[in-house]
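Residue numbers (our numbering), protein chains in the order written: chain A, 29 to 348; chain B, 29 to 348.
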């Protein structure tokens with residue numbers, strides 16, 4: 029950690045480190061010292077958001093801070109992990125104090141909400157780029173992976189789909205501002221990482237993934253990793269009602285299948301365990317929707333109410 | 029991890045993950061699952077290198093890959109930690125396959141040399157920026173920190189100083205190329221993270237830091253964290269003989285005090301334990317040089333052979 033970045037991190041981000049459990053030594057040394065505790069495995073993921081690619085440059089700094097951490101924690105949710113700590117690599121064109129104050133407040137709010145602590149940081153001069161490494165823990169052997177699904181397993185998703193793409197379309201129409209985003213844009217700026225759902229599905233889901241690149245693309249990773257295929261029912265997709273109201277059924281369905289940024293979990297369970305999933309939904313208030321079933325034929329197909337396969341134009345977000 | 033970045037990471041970087049010990053699940057899921065093992069604490073650090081700021085854009089991609097990991101591991105060395113795993117966030121202007129092949133080879137070479145595995149990655153489009161989160165372990169309670177030094181403790185450094193700044197000056201004079209750097213530039217491109225030294229100093233050094241921003245700036249962090257000051261002896265500084273031969277004694281001394289990128293460890297020991305440090309140097313072939321002593325007066329002062337305080341123009345690398 030270099031001289032003045034130490035100053036920046038100290039000034040703006042040290043508060044974010046406060047609630048950490050298992051933090052023996054946080055920000056301010058060559059590295060953090062962390063105690064994962066007994067009987068657990070460490071779960072680690074990194075995600076980068078680039079201004080102008082992953083979010084509008086002109087957006088509210090606090091919303092960017094919230095979103096940056098929430099989307100990273102979504103990967104921990106997909107593993108069934110409990111978030112513990114995170115490290116931030118931040119590139120900034122200038123040391124804009126207003127922006128830093130807003131961004132660090134948003135980051136601290138999300139960190140407090142999900143009970144994880146900032147334990148390391150590095151700031152450099154460059155295009156606005158936020159790279160977060162999130163660290164969590166799972167009981168040894170209990171992580172949810174993409175590779176455990178079998179033919180016949182049911183495919184489910186949490187929450188609703190299409191809302192984030194609708195918010196993004198609305199922002200592109202209106203232009204994003206540095207003001208707080210409207211409540212309707214919350215699906216984009218404040219995605220809810222499905223941490224409690226992921227943790228509850230440990231030992232129950234045969235596979236899980238978070239929908240960051242679009243349902244078809246992400247379910248595609250699961251079926252490839254598990255050596256199976258999937259049949260989805262178009263009518264079963266749980267759609268964002270706000271998105272349907274603003275953009276219609278057809279557009280929202282297309283987004284639900286192919287747009288990224290929903291950050292719901294897509295998971296599979298053997299049919300014999302569906303009752304346990306339903307009991308969990310009832311007891312804990314989780315929203316789980318069955319959207320299809322795994323098949324032997326590779327690939328992911330979507331069928332309409334008459335059983336006809338639906339043609340899909342786009343299959344998710346691609347960076348290159 | 030998004031669709032095509034998965035493809036890039038799979039193609040170029042998956043080999044880097046091979047030697048990992050304690051990797052239950054590496055690249056290819058939402059997150060990695062890692063087993064730190066019993067009786068240890070986790071040590072975590074993040075460092076970012078931006079092209080044109082931290083290294084010349086035109087440099088050899090394999091050398092950049094080596095350097096990026098080595099400078100991160102230097103922070104683990106300063107904690108006395110053993111490197112285990114790392115995550116890579118890579119921003120690239122284009123998916124240049126030659127560059128990726130070179131960079132990933134350099135990264136894999138350094139990973140194999142230091143026994144740590146790539147367990148997660150994210151690639152985005154942007155200015156060439158390499159952000160690495162390095163994860164290591166130390167026996168519980170054994171991490172070396174900046175804050176444990178006392179008045180009267182001796183100040184030592186590993187290796188020699190000034191060589192990296194000399195190499196950088198030489199490159200700026202000649203222009204860096206994509207060819208393999210000359211052997212004389214090794215101090216810049218292939219800094220040796222002092223991992224074995226750091227691990228050997230556990231339980232012996234009262235404080236430690238790596239010299240990434242310059243000796244005075246980094247020792248300044250130690251004395252502030254420990255609530256002490258330091259007196260250094262100018263003549264005692266172990267200088268790079270290649271740097272002295274090319275740039276003279278005075279310039280090399282200035283670099284040794286204030287230039288960054290040396291990646292040696294600066295550490296302190298109580299005088300009563302100097303014999304143990306010397307025995308370690310003899311038995312393990314470590315190069316340790318005593319360069320000063322901690323004092324009660326805050327700040328770091330440098331004195332010449334006559335005991336006069338030397339004026340220092342620059343005090344280390346500043347990012348902002």
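Glycine included, each C-beta is placed from N, C-alpha and C at the ideal position. None of these values were measured; they are calculated from a predicted model.
The Cβ-Cβ distance between residue 147/A and residue 120/A does not fall below 8 Å. Of all residues in the region 157-188 of chain A, those with a C-beta nearer than 9 Å to a C-beta of chain B are 157, 159, 160, 161, 162, 163, 164, 166, 168, 169, 171, 172, 173, 174, 175, reading in chain order. Annotation: the region 102-127 of chain A contains the following complete segments of the beta strand (DSSP E) (minimum length 3 residues), in chain order: 110-120.
Counting along the chain, the unbroken alpha helix (DSSP H) around residue 197/A starts and ends at 191-202. In terms of Cα proximity to residue 196/B, the closest of 255/B, 80/B, 75/B, 259/B is 80/B. Two segments are said to touch when three or more pairs of C-beta atoms, one from each, lie closer than 8 Å; by this definition the region 209-228 of chain A touches the region 281-300 of chain A.
Residues of chain B with a Cβ closer than 8 Å to the Cβ of residue 71/A are, in chain order, 59, 60, 61, 62.
95/A is the residue among 95/A, 68/A, 178/A, 179/A whose C-alpha sits nearest the C-alpha of residue 141/A.
Short of 6 Å from the beta carbon of residue 89/A, and not among the five residues preceding or following it, lie these beta carbons of its own chain, in chain order: 127, 130, 131. Along the region 110-122 of chain B, going in chain order, the ones with a CB nearer than 9 Å to a CB of chain A are 113, 115, 116, 117, 118, 119, 120, 122.
When the five nearest sequence neighbours on each side are left out, the beta carbons in the same chain lying within less than 8 Å of the beta carbon of residue 267/A are those of 188, 189, 190, 277, 280, 281, 284, in order along the chain. Between residue 331/B and residue 261/B a beta carbon distance of about 6 Å is seen, short of the 8 Å cut, so the two are scored as contacting.
Between the C-alpha atoms of residue 168/B and residue 98/B there is a straight-line separation of about 24 Å. In the displayed model, residue 318/B falls within a strand according to three-state DSSP. Here DSSP, grouped into helix, strand and coil, assigns residue 55/B to strand. Non-local C-beta neighbours of residue 179/B in its own chain, meaning closer than 7 Å and more than five positions away in sequence, comprise 256, 322, 323, 324, ordered along the chain.
Under the 8 Å criterion on CB atoms, residue 147/B is classed as interfacial with respect to chain A.
Using a Cβ-Cβ cut-off of 7 Å, residue 238/B is close to 58 of chain A, given in chain order. Sequence-distant Cβ neighbours of residue 164/A in its own chain, meaning closer than 7 Å and more than five residues away, are 71, 104, 109, 110, 111, 112. Going by C-alpha positions, residue 51/A is about 19 Å away from residue 137/A.
Assignment of residue 148/A by DSSP, reduced to helix, strand and coil, places it in the strand class. Shown here, residue 259/B sits in a strand according to DSSP, grouped into three states.
Between residue 273/B and residue 328/B, the gap from beta carbon to beta carbon reaches 8 Å or more. Straight-line spacing of the CA atoms in residue 49/B and residue 145/B works out to 8 Å.
Note that the region 58-75 of chain A touches the region 55-73 of chain B; at least 3 beta-carbon pairs, one per stretch, sit closer than 8 Å. In this structure, residue 76/A and residue 150/B form a Cβ contact; the two beta carbons are roughly 5 Å apart against a cut-off of 8 Å. Note: residue 301/A is not bridge-paired with any residue in the DSSP secondary-structure output. Counted as a single uninterrupted DSSP element, the stretch harbouring residue 330/A is not any alpha helix (DSSP H) but the beta strand (DSSP E) occupying residues 327-331.
DSSP, read as helix, strand or coil, puts residue 153/A in strand.
Residue 242/B and residue 296/B have their alpha carbons spaced roughly 16 Å apart. Near chain A, meaning a CB-to-CB distance below 9 Å, the residues of the region 83-105 of chain B are 102, 103, 104, 105.
Non-local beta-carbon contacts of residue 333/A in its own chain, meaning distances under 7 Å to residues more than five positions away in sequence, involve 263 in chain order.
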